[in-house]
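Going by our numbering, the first residue of the sequence shown is number 24, and it counts up by one from there.
Yeah, the Cβ is synthetic: ideal placement off N, Cα and C, and Gly gets one too.
These numbers were taken from a predicted model, which means no experiment stands behind them.
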Amino acid sequence: MNDKQAILSQAINDNIVTSELDAIGVMDFDGLESTVKNLQTSFSQNFHHTFAVKANALLSVLKKLESCGMGAEVASPGELKLALAAGFKVDKIIFDSPAKTISDLRTCLKHDISLNIDNMQELARLDQLIKEYPDTRSLIGFRVNPQIGSGQISSTSTATKTSKFGFPLGDDDNLQLLKTLYRERPWLTTIHTHTGSQGCPLELMVKGIKIITDIADEINTCSDQQQIVRIDIGGGLPVNFSSDEVKPTFAEYAALIKEHVPVLFTDKYQVKTEFGRAVAAKNGFIVTRVEYTKQAGDRHIAITHAGAQIITRTAFLPHYWPIRVTAYSSDGRQKTEDPVNTDVAGPCCFAADLIAKDITLPRLDQNDYVIAHDTGAYYFSNHFDYNSLPRVGVYAAEKNQGKLVLTCIRRAGSLEDVARDMSQ
Ligand SMILES: Cc1ncc(COP(=O)(O)O)c(C=O)c1O
24 MNDKQAILSQ
34 AINDNIVTSE
44 LDAIGVMDFD
54 GLESTVKNLQ
64 TSFSQNFHHT
74 FAVKANALLS
84 VLKKLESCGM
94 GAEVASPGEL
104 KLALAAGFKV
114 DKIIFDSPAK
124 TISDLRTCLK
134 HDISLNIDNM
144 QELARLDQLI
154 KEYPDTRSLI
164 GFRVNPQIGS
174 GQISSTSTAT
184 KTSKFGFPLG
194 DDDNLQLLKT
204 LYRERPWLTT
214 IHTHTGSQGC
224 PLELMVKGIK
234 IITDIADEIN
244 TCSDQQQIVR
254 IDIGGGLPVN
264 FSSDEVKPTF
274 AEYAALIKEH
284 VPVLFTDKYQ
294 VKTEFGRAVA
304 AKNGFIVTRV
314 EYTKQAGDRH
324 IAITHAGAQI
334 ITRTAFLPHY
344 WPIRVTAYSS
354 DGRQKTEDPV
364 NTDVAGPCCF
374 AADLIAKDIT
384 LPRLDQNDYV
394 IAHDTGAYYF
404 SNHFDYNSLP
414 RVGVYAAEKN
424 QGKLVLTCIR
434 RAGSLEDVAR
444 DMSQ
């Protein structure tokens, strides 16, 4: 990762962070590249890695990841359009939405895009549509919910007994039913599971992977040819938000999978992964200007422009999504002096709009800066926030012939731009 202090100084020198611009997101493209390299070398050659587009759907970021050799996992028609616009080839895209319309399914089959089936009603639609596209090269299979329980964060746990995702394996006679469904449909050639994201122990994720691999092995034993050719193990590697250290690492996760499901490290299966947060989070951060400071009770309060609108999870669920913040002076120097009990607040008009609460931080003054670390996934990049983000530009930081260069990858629009967008 490029040095954040250097990026901030450059942003100040380049007049990117000014009194007009309240906050920017920065994606470190060099960091992204080395994270992807690390991912690729941690697993064996039969692993094909896709990026969960929802984690950071900025076109330039997707283009960068495509150029590094990643595929794309998309969970909505909009994400599919972005992935195609970013240049991902159809055979490197997996469509995973739990709410696919008939038209979404038709698009996949027609354009040879692989997909994971969420439920029996979707299967019934595919039973019909497959007759229209008998020669499709889409690889299709079930998303299985192994129902093995929750991690620490219920909202990101997808393998609970009542999860909305996938085919609930433990209900009734579903395991037997699943095998029958595959036996009757030779065009079902993949199987998928995603146990959950942040907060899920690696052991739980590996347990889910073993369950679907055993099912695949069994289905294959009963078929003349190997029917299931691809196993999709989802994403979900947790990210350490409490320091710069990357832990757990891709290599640790790979070693655990290899220990418990060694067949995945042979050539028997093509294995897909769908990491989002572990690829992007630590390669992005937010810089925000301190608009005002004040004292209330024993608390020093810094009012910034990065709150619930771009650091949404932290503002609403601070216990589950704590982030680190660091104080910088208005000339871009990291502050170390005069530590005080501080709340770092956002600009939104509700009391919980805090990105850090009751922490010890060098005293912040008006026009200082705050860096919110590890926010490259599911924060400033969230496409569904766009209309409420008129003034947050996003910049790519990368070295060109040894010189750090910042390039705008999402323009900070004006309030007029937003009004126009919303009236269309
Ligand atoms: C099916 C699927 N794949 C991949 C991901 C990406 O998860 P993460 O960003 O934690 O790696 C998710 C996240 O919700 C998901 O639902």
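Alpha-carbon to alpha-carbon, residue j and residue i
i, j, result
"serine 161", "alanine 46", "42 Å"
"glycine 172", "threonine 216", "13 Å"
"leucine 427", "phenylalanine 308", "16 Å"
"valine 313", "lysine 291", "55 Å"
"valine 229", "glutamate 282", "10 Å"
"cysteine 372", "isoleucine 432", "29 Å"
"proline 362", "isoleucine 35", "24 Å"
"glutamine 250", "threonine 244", "9 Å"
"threonine 30", "alanine 122", "For clarity, residue 30 is isoleucine in the given sequence; the question names threonine instead. Their Cα atoms are separated by approximately 41 Å."
"serine 65", "leucine 55", "15 Å"
"alanine 329", "alanine 368", "8 Å"
"leucine 412", "alanine 435", "Low per-residue confidence applies at leucine 412: pLDDT is 49, beneath 50, and the placement is therefore not dependable enough to give any value."
"phenylalanine 52", "glutamine 68", "24 Å"
"alanine 147", "alanine 331", "41 Å"
"threonine 398", "isoleucine 333", "9 Å"
"phenylalanine 70", "isoleucine 254", "10 Å"
"glutamine 170", "threonine 218", "9 Å"
"serine 42", "leucine 227", "47 Å"
"leucine 85", "alanine 301", "15 Å"
"asparagine 423", "threonine 430", "11 Å"
"aspartate 141", "glycine 189", "4 Å"
"aspartate 247", "aspartate 119", "29 Å"
"glutamine 63", "aspartate 388", "44 Å"
"aspartate 158", "asparagine 139", "18 Å"
"leucine 81", "serine 404", "6 Å"
Near ligand 1: residue i beta-carbon under 6 Å from a heavy atom
i, result
"phenylalanine 118", "no"
"phenylalanine 298", "yes"
"serine 220", "yes"
"histidine 71", "no"
"alanine 304", "no"
"glycine 258", "yes"
"alanine 122", "no"
"alanine 75", "yes"
"histidine 342", "no"
"histidine 134", "no"
"alanine 80", "no"
"histidine 323", "no"
"histidine 217", "yes"
Distance CB(residue i)-CB(residue j) smaller than 7 Å
i, j, result
"serine 32", "glycine 355", "yes"
"methionine 50", "alanine 350", "no"
"threonine 365", "leucine 384", "yes"
"threonine 236", "glycine 164", "no"
"alanine 400", "alanine 303", "yes"
"threonine 337", "valine 393", "no"
"tyrosine 205", "isoleucine 242", "yes"
"leucine 132", "leucine 105", "no"
"aspartate 135", "valine 113", "yes"
"glycine 48", "valine 417", "yes"
"glutamate 96", "alanine 109", "no"
"threonine 335", "alanine 325", "no"
"leucine 287", "tyrosine 276", "no"
"glycine 222", "alanine 182", "no"
"glutamate 297", "threonine 73", "yes"
"asparagine 61", "phenylalanine 264", "no"
"serine 220", "threonine 179", "yes"
Paired residues, beta bridge with residue i - DSSP
i, result
"arginine 253", "Thr213 and Gln293"
"cysteine 431", "Tyr418"
"glycine 164", "Asn139 and Thr213"
"aspartate 114", "Aspartate 114 is not bridged to any residue."
"valine 40", "According to DSSP, valine 40 bridges with nothing at all."
"lysine 426", "Asn423"
"glutamine 357", "Tyr351"
"glutamine 318", "His323"
"methionine 50", "Gly307 and Ala419"
"glycine 94", "Thr73"
"tyrosine 276", "Partner(s): none; tyrosine 276 has no beta bridge."
"proline 385", "Pro362"
"serine 180", "Gly219"
"tyrosine 392", "Arg312 and Tyr351"
"leucine 88", "Answer is none; leucine 88 lacks a bridge partner."
"proline 191", "Asn168"
Residue-chain proximity (residue i, chain C), Cβ-Cβ < 7 Å
i, result
"glycine 258", "In the displayed structure, chain C is absent; only one protein chain is listed."
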